[in-house]
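Colleague:
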Amino acid sequence: CEGTAPEPNYDCDGNCIAMDNCGVCGGNNACFQFEGDYLFTNCGASGQFGPTQNQCQDAYNGTDLEVTIETSDYYDNYNGNNGGYSGVQLWTVPQTGTYTIEAKGADGGKTNYYGYQGGEGATMKGDFNLNAGDQIQVLVGQAGGTAYRASGGGGGTFVVKLETSNFYDAYGNPNALELGITPLIIA
């Protein structure tokens, strides 16, 4: 190197000699090169309610996909109806890396009288850098209902990342967490 020492992790010609799995010279990143797909489905659920934990366990049996089904119940005082949501799939990112997420909204229903098939759901795709342990919520849209003269529209598919951040409460405690979401894909 003609009297000067090369930069760490490089040879005398400036070529990297210590590349990590993420392509960073001299880095120590444990990146994940994902080979294969995680295919989230509605787990066989239909109608207005999403899948149950048992439905998803059966649907994903024999795959690497493990989800927890989240539900919420509330009573709507204004309308006098029970509400909430069901079937939101919570998935924990297994390895740090770039994930390609493709989401498709559900197709619209069919009309028996006219024989029309509803439109196809929208498809969106993007690449996202995710870290091991990130919590992802997936809500898979379900097909619109079939009816005699008019049918229902298909449900949207939503993929969001849960976010937590430390903040100080009124007493100066730094351990309180605030929860939010970052939308990744909506189709």
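When the letters of the sequence shown are read in order and numbered with our numbering, they come out as residues 50 to 236.
The beta carbon of each residue, even a glycine, is placed where N, CA and C say it ideally should be.
Bear in mind the structure is a predicted one, so any value in this text is a computation, not a measurement.
1) Which residue from 169, 184, 164 puts its Cα closest to that of residue 144?
2) If I measure Cβ to Cβ from residue 147 and keep anything under 6 Å in the same chain, skipping five residues before and after, which residues do I get?
3) In this structure, does DSSP put residue 113 in helix, strand or coil?
4) Measuring alpha carbon to alpha carbon, tell me which residue in 135, 230, 166, 155 is nearest residue 196.
5) Do you know offhand how far residue 198's Cα is from residue 189's?
6) Under a three-way DSSP split, which group does residue 107 fall into?
7) If you drop the 5 nearest sequence neighbours on each side, which residues of the same chain put their C-beta closer than 7 Å to that of residue 64?
8) Given this structure, state the Cα-to-Cα distance separating residue 79 from residue 181, to the nearest angstrom.
9) Counting along the chain, where does the beta strand (DSSP E) carrying residue 146 start and finish?
10) Which word fits residue 200, buried or exposed, when buried means at least 16 other C-beta atoms lie within 10 angstroms of its C-beta?
11) In the DSSP assignment, what residue or residues form a beta bridge with residue 211?
12) Please report how far the alpha carbon of residue 138 lies from the alpha carbon of residue 117, in whole angstroms.
13) Here's the rule: buried if 16 or more other CB atoms are within 10 angstroms of the residue's CB, otherwise exposed. What is residue 98?
14) Applying the criterion that 16 or more other CB atoms from any shown protein chain within 10 Å of the CB defines a buried residue, is residue 100 buried or exposed?
15) Taking the beta strand (DSSP E) that residue 89 falls in, what are its first and last residues?
16) For residue 114 and residue 135, I'd like the C-alpha separation in whole angstroms.
17) Let me check understanding here. Comparing Cα to Cα, which of 110, 193, 231, 153 lies closest to residue 206?
Modeller: Taking the definition as stated:
1) Measuring from the Cα of residue 144, the nearest candidate turns out to be 184.
2) Once the five neighbours on either side are set aside, the close Cβ partners of residue 147 are 176, 178.
3) In the structure shown, the three-state DSSP call for residue 113 is coil.
4) It is 166.
5) Near 26 Å, if we compare the C-alpha coordinates of residue 189 and residue 198.
6) In the structure shown, residue 107 sits in a helix (DSSP, three-state: H, G or I).
7) Counting only Cβ-Cβ distances below 7 Å, and skipping sequence neighbours, we find nothing.
8) Model confidence at residue 79 stands at a pLDDT of 42, short of 50, so the residue's coordinates are unreliable; what they give is reported in the following sentence. One C-alpha to the other measures close to 10 Å.
9) Unbroken beta strand (DSSP E) run through residue 146: 146-153.
10) Buried: at least 16 other Cβ atoms inside 10 Å.
11) For residue 211, which the question treats as bridged, DSSP gives the partners 230.
12) Approximately 6 Å between the Cα atoms of the pair.
13) With fewer than 16 Cβ atoms within 10 Å of its Cβ, residue 98 is classed as exposed.
14) Answer is buried; the Cβ neighbour count reaches 16.
15) Taken as a continuous stretch (DSSP letters only), residue 89 belongs to no beta strand (DSSP E), as it is neither H nor E.
16) Rounded to the nearest whole angstrom, the C-alpha separation of residue 114 and residue 135 is 19 Å.
17) Of the candidates 110, 193, 231, 153, the residue whose Cα lies closest to the Cα of residue 206 is 153.
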